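*Asks:* Residues are numbered in my numbering as their position in the sequence shown, beginning at 1, plus a constant of 52.
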Amino acid sequence: MKQPKQFWIYFAFLIKQIVKKPFVWATFSAYFIMLLVILLIFPLYQETSPANYWNNPVIHVSTFLIPVVSIFGIMVAMFLFKDGVADGTEIIIISKPVSRKIYVSAKFLVLILTCLVFSFLLIITAAIAKINPQFQLQNMKDLMLGIFIGNFINSLFFGSISILISFGLSKNSTIVIVFLATFLMNFQTPLSALFFKSPSRVLSDSQHTLVERSLLTNKQDRNHQPVGETVAFQPTPSDAKQNIKQLYEQAEASTFYNQSFYFNLGNALNSIYNLNSLSYENSGNINFLSANTKIVFERVFDPDNFYNIDFFLPRPDEKGLLQLQRFKVFLSAPTPEKSSTSFIRISNPPSYSYLNTDQDSYTVTTADFDLYEKNPDNDNLLANTYQIFFDEVFTSTKNSQQRSIASLLSSLFNQYLTEIIDQNNTNLNDLFIKISPDLVNLNDLLRSPNLMYQFTKSFEQSDAKTNEEKAIEVYKKRVNLFYALNDTNSLTKLKRFMTYSNAILQNDIIFNRLRSDTIQNIIGNSFTNNLFLRLLLQNSLRNLNLPNLNLDDLKLIFYQQIFNEYLALYLTQVVNLSQIIEQIEGKGKKQGYFVNLYPSAIRQDQLSDTYIISKQPIVNPWMIVLILSTISIALLGLSSVIYYSKDYA
53 MKQPKQFWIY
63 FAFLIKQIVK
73 KPFVWATFSA
83 YFIMLLVILL
93 IFPLYQETSP
103 ANYWNNPVIH
113 VSTFLIPVVS
123 IFGIMVAMFL
133 FKDGVADGTE
143 IIIISKPVSR
153 KIYVSAKFLV
163 LILTCLVFSF
173 LLIITAAIAK
183 INPQFQLQNM
193 KDLMLGIFIG
203 NFINSLFFGS
213 ISILISFGLS
223 KNSTIVIVFL
233 ATFLMNFQTP
243 LSALFFKSPS
253 RVLSDSQHTL
263 VERSLLTNKQ
273 DRNHQPVGET
283 VAFQPTPSDA
293 KQNIKQLYEQ
303 AEASTFYNQS
313 FYFNLGNALN
323 SIYNLNSLSY
333 ENSGNINFLS
343 ANTKIVFERV
353 FDPDNFYNID
363 FFLPRPDEKG
373 LLQLQRFKVF
383 LSAPTPEKSS
393 TSFIRISNPP
403 SYSYLNTDQD
413 SYTVTTADFD
423 LYEKNPDNDN
433 LLANTYQIFF
443 DEVFTSTKNS
453 QQRSIASLLS
463 SLFNQYLTEI
473 IDQNNTNLND
483 LFIKISPDLV
493 NLNDLLRSPN
503 LMYQFTKSFE
513 QSDAKTNEEK
523 AIEVYKKRVN
533 LFYALNDTNS
543 LTKLKRFMTY
553 SNAILQNDII
563 FNRLRSDTIQ
573 NIIGNSFTNN
583 LFLRLLLQNS
593 LRNLNLPNLN
603 LDDLKLIFYQ
613 QIFNEYLALY
623 LTQVVNLSQI
633 IEQIEGKGKK
643 QGYFVNLYPS
653 AIRQDQLSDT
663 YIISKQPIVN
673 PWMIVLILST
683 ISIALLGLSS
693 VIYYSKDYA
């Protein structure tokens with residue numbers, strides 16, 4: 053009989069025996085059910101994506117799966133190389149006048165093929181999990197890849213180890229030793245965290261806390277999709293002379309945490325289940341690093357590369373006087389392709405929710421980049437929004453003070469503008485002390501719940517039929533409102549928005565009420581000599597050629613600043629819209645939708661110490677796949693030599 057035919061006869065015999073083994077089907081069934089519970093049942097119950105469980109940096113799901121994979125590989129290997137010795141069939145087979153190479157190569161091929169089929173069938177669970185509407189397609193593809201690669205490499209790895217050990221030990225001893233070794237290696241990652249502090253823990257011990265945010269840039273990728281970047285900064289800057297990059301790198305150098313992953317076999321076994329978008333570096337946070345993840349500080353943050361608007365929060369100083377603290381507000385980037393697990397989430401991803409048709413429950417949807425398409429007609433959007441602001445907020449008296457913002461500002465102009473023109477010896481601080489009580493009243497008017505309610509209802513009015521459509525429409529309007537404010541953050545840019553600029557000038561009711569001689573004095577003395585205007589516009593007069601400004605320029609700058617501040621309150625939800633609507637409409641009435649852009653605010657003095665960062669694997673998972681594959685093949689090769697030699701011994 054020809055050798056190829058003998059090979060395939062023996063190969064078919066082994067396959068039939070494998071298929072008949074109860075442990076194969078029992079292990080496969082148990083593993084299949086475990087995956088369904090993890091990927092389908094739990095996420096549906098928690099109303100989250102399966103990806104949130106799969107690469108959870110707190111509970112490594114693969115840690116519970118690897119023992120099952122290990123026992124499968126061990127049992128298949130023991131059947132192929134030890135069961136025949138125990139029941140005598142191996143002695144009968146090798147006594148035949150057939151080359152021993154045929155037997156050993158057939159055994160190895162059956163081992164590899166069995167592990168392949170076992171791993172391939174299990175990826176069905178990831179396809180079934182796509183029933184979950186929150187499970188992104190890219191996450192599903194990467195999960196299928198991780199399940200297949202992880203199960204195949206680990207089952208083959210532990211199978212090859214058990215074959216080699218079995219030449220010197222009994223079947224039961226081999227199973228116990230390899231299985232215990234699996235547990236020791238598997239739990240090496242959580243155990244190592246007890247011995248080595250992460251850089252963030254080192255910083256925390258020295259009273260330094262960093263936060264990270266994913267912000268939307270004003271750039272696009274090759275597919276014309278918006279691009280997000282991650283930044284890190286200190287929310288409460290310390291007196292340390294080093295910047296946060298230096299502090300973090302010093303913390304890294306003081307601990308063996310990063311280096312430990314080069315010797316961490318548990319990380320090697322677990323990492324190959326988390327590939328591409330589900331890789332560990334795509335979860336966690338700078339203060340709670342996932343396994344096998346390091347932070348790279350790439351460059352100093354440049355606000356001009358991101359969509360941003362100015363925002364001023366009132367803060368009392370030591371004397372109780374109102375001071376305005378300047379912030380830059382940035383759009384948070386949607387990251388639907390990443391799984392930011394809710395268990396350790398520091399900041400929520402941009403999302404919207406809507407009341408279902410049953411009027412009893414809400415559906416929460418994480419925003420994707422489709423909602424961030426820039427509208428080419430934002431000039432009209434700003435003009436229409438400004439008209440709503442003018443009618444419902446600026447001139448409205450429906451508030452607790454029963455006066456309008458316009459009337460308060462007009463009285464301030466009439467009271468202080470002429471006075472400062474006549475009294476040049478008054479300094480800016482003196483004026484601020486005098487005007488501080490009025491600024492407090494202005495701040496209260498800007499935050500009036502009734503005014504914000506009227507503005508919100510008018511701005512978000514929609515002809516959409518369903519709550520979901522309304523939520524999506526409002527989400528896009530808020531995003532484009534943010535874009536438009538970013539695009540009008542200077543006088544030059546503002547003038548390009550002709551419709552919006554005309555709306556401002558046509559609705560001027562403050563400067564038009566000033567006496568003509570007052571206006572002439574303003575223009576004649578230039579704005580730099582007018583302390584009152586400098587006080588009101590001190591945050592808008594940067595980078596302006598003041599001598600060349602005319603009265604219309606002054607109007608545009610002034611009204612734009614007031615309008616920008618109000619929209620910042622609306623977009624950041626510093627004034628809680630949900631609570632306002634609930635207070636006015638009643639607690640019993642459910643709102644049709646909620647929209648949460650979750651913009652991020654960074655204090656002006658923190659911008660110079662804010663960095664663009666990236667999270668990268670310490671040891672590349674694909675390198676781990678290559679190394680484990682090479683080790684498995686080498687072990688099988690060594691086993692074949694021993695097996696072949698032992699048969700002839």
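Even glycine gets a Cβ: it sits at the ideal position worked out from N, Cα and C.
In this text, all values refer to a predicted model and were calculated from it rather than measured experimentally.
1. For the segment 245-302, which segments carrying the beta strand (DSSP E) assignment without a break, of at least 3 residues, lie completely within its bounds, in sequence order?
2. Compute the distance between the beta-carbons of Ile384 and Leu268, then report whether it is under 8 Å.
3. Hey, would you say Ile665 sits closer than 8 Å to Asn344, going by beta carbons?
4. Would you kindly check if the distance between the Cβ of Pro95 and the Cβ of Tyr105 is under 8 Å?
5. With a threshold of 16 other CB atoms inside 10 Å of the CB of Pro651, please say whether the residue is buried or exposed.
6. Taking 8 Å as the limit between beta carbons, can you name the residues of its chain near Val348, skipping five residues before and five after?
7. Shortest alpha-carbon distance to Ile633 belongs to which of Ser692, Thr508 and Tyr663?
8. Considering only their Cβ atoms, is the gap separating Phe285 from Ile296 smaller than 8 Å?
9. Enumerate in chain order the residues of its own chain whose CB-to-CB distance from Glu304 is below 7 Å, with the five nearest sequence positions on each side excluded.
10. Along the chain, where does the beta strand (DSSP E) that runs through Phe84 open and close?
11. Just how far apart, CA to CA, sit Gln259 and Arg530?
12. Spell out the partners DSSP gives Thr418 in its beta bridges.
13. Within the same chain, show all residues whose beta-carbon is closer than 6 Å to that of Gln513, passing over the 5 residues directly before and after it, in chain order.
14. Is the beta carbon of Ser703 less than 8 Å from the beta carbon of Tyr414?
15. Enumerate in chain order the residues of its own chain whose CB-to-CB distance from Ile215 is below 6 Å, with the five nearest sequence positions on each side excluded.
16. Applying the 10 Å Cβ sphere with the 16-neighbour rule, what's the burial state of Thr177?
17. Is the segment 54-72 touching the segment 155-168, taking contact as three or more C-beta pairs under 8 Å?
18. If contact is defined by three or more beta carbon pairs under 8 Å, each pair taking one atom from either stretch, is the segment 670-688 in contact with the segment 322-329?
19. Classify Phe278 as buried or exposed, calling it buried when 16 or more other Cβ atoms lie within 10 Å of its own Cβ.
20. Quick check: Phe511 and Ile440, are their CB atoms within less than 8 Å of each other?
21. Taking the Cβ atom as the reference point for each residue, do Leu543 and Leu608 lie within a distance shorter than 8 Å?
22. Report the option in Ser335, Glu99 and Phe210 whose CA atom is closest to the CA atom of Asn107.
23. Give a yes or no on whether the C-beta atoms belonging to Val228 and Ile213 are separated by under 8 Å.
24. Classify Leu688 as helix, strand or coil using the three-state DSSP reduction.
25. Going by CA-CA distance only, name the one from Phe379, Val113 and Lys159 that's closest to Asp657.
26. So, is Glu637 buried or exposed, given that buried needs 16 or more other C-beta atoms within 10 angstroms?
27. Output yes or no for whether 8 Å exceeds the beta carbon distance between Leu330 and Asn554.
28. Kindly indicate which residue of Lys193, Arg655, Thr241 and Ala653 has the alpha-carbon position closest to the one of Phe315.
29. Can you tell me the Cα-Cα spacing of Ser578 and Asp605, whole angstroms?
30. Give the DSSP bridge partners of Asn447, in chain order.
31. Given a cut-off of 8 Å, decide if Phe615 and Tyr438 are closer than it, judged by their beta-carbon atoms.
32. Could you give the residue range of the alpha helix (DSSP H) that holds Asn206?
33. Can you check the segment 622-675 for any alpha helix (DSSP H) of at least 4 residues that lies completely inside it and give the ranges in chain order?
34. Select from Pro489, Lys193 and Gln98 the residue whose C-alpha is nearest the C-alpha of Val416.
35. For Val526, I'd like the list of residues in its chain whose CB is within less than 6 Å of its CB, leaving aside the five on either flank, ordered along the chain.
36. What do you get for Gln377, buried or exposed, if any count of 16 or more other CB atoms within 10 angstroms of its CB means buried?
*Replies:* Here's the rundown:
1. Counting only runs of 3 or more, we get 263-272 and 278-285.
2. Per the sequence shown, the amino acid found at residue 384 is Ser instead of Ile. A contact, by the Cβ cut-off of 8 Å.
3. If you check the CB distance, Ile665 and Asn344 do not come in under 8 Å.
4. Taking 8 Å as the cut-off, the beta carbon of Tyr105 is found closer than this to the beta carbon of Pro95.
5. It counts as buried.
6. Ile665, Ser666, Lys667 and Gln668, listed in sequence order.
7. Nearest option by C-alpha distance: Thr508.
8. Cβ distance < 8 Å, so Ile296 and Phe285 count as in contact.
9. These residues qualify, in order along the chain: Pro251 and Asn310.
10. Counting along the chain, Phe84 sits inside no beta strand (DSSP E); it lies in the alpha helix (DSSP H) bounded by residues Pro74 to Leu88.
11. Between the alpha carbons of Gln259 and Arg530 lies a gap of roughly 37 Å.
12. Beta-bridge partners of Thr418 (DSSP): Ser403.
13. Taken in chain order, the list of residues that qualify is empty.
14. Absent from the structure is residue 703, since the part of the chain shown begins at 53 and ends at 701.
15. Result list for Ile215: Ala129, Phe133 and Ser691, in chain order.
16. Its Cβ being crowded by 16 or more others within 10 Å, Thr177 is buried.
17. Taking a cut-off of 8 Å on C-beta distances, the segment 54-72 touches the segment 155-168, as three or more cross pairs fall below it.
18. With the cut-off at 8 Å, the segment 322-329 and the segment 670-688 touch.
19. Residue identity check: residue 278 is Pro in the sequence provided, not Phe. With 16 or more other Cβ atoms inside 10 Å of its own Cβ, Pro278 counts as buried.
20. In this structure, Ile440 lies closer than 8 Å to Phe511 by Cβ.
21. Yes, the pair counts as a contact, with Cβ atoms nearer than the cut-off.
22. Closest option to Asn107, Cα to Cα, is Ser335.
23. No, Cβ-Cβ distance for Val228 and Ile213 is not below 8 Å.
24. Note: Leu688 maps to helix in three-state DSSP.
25. If we check each option's Cα against that of Asp657, Phe379 comes out closest.
26. Under this definition Glu637 is an exposed residue.
27. Not closer than 8 Å, so no.
28. The shortest Cα separation from Phe315 among Lys193, Arg655, Thr241 and Ala653 belongs to Thr241.
29. Interpretation of Ser578 is limited by its pLDDT of 49, a score under 50 that renders its predicted location unreliable; the figure taken from the coordinates is listed afterwards. Taking the straight line joining both Cα atoms gives about 12 Å.
30. Rather than Asn, the amino acid found at residue 447 in this sequence is Thr. Answer is none; Thr447 lacks a bridge partner.
31. For the 8 Å CB-CB criterion, Tyr438 and Phe615 form a contact.
32. Note, Asn206: alpha helix (DSSP H), Leu189 to Ser218.
33. For the segment 622-675, whole alpha helix (DSSP H) runs of length 4 or above, ordered along the chain, are 629-637.
34. Among Pro489, Lys193 and Gln98, the Cα nearest to that of Val416 belongs to Gln98.
35. Glu512 and Val647, listed in sequence order.
36. Classification of Gln377: exposed, given that the 10 Å Cβ count is below 16.
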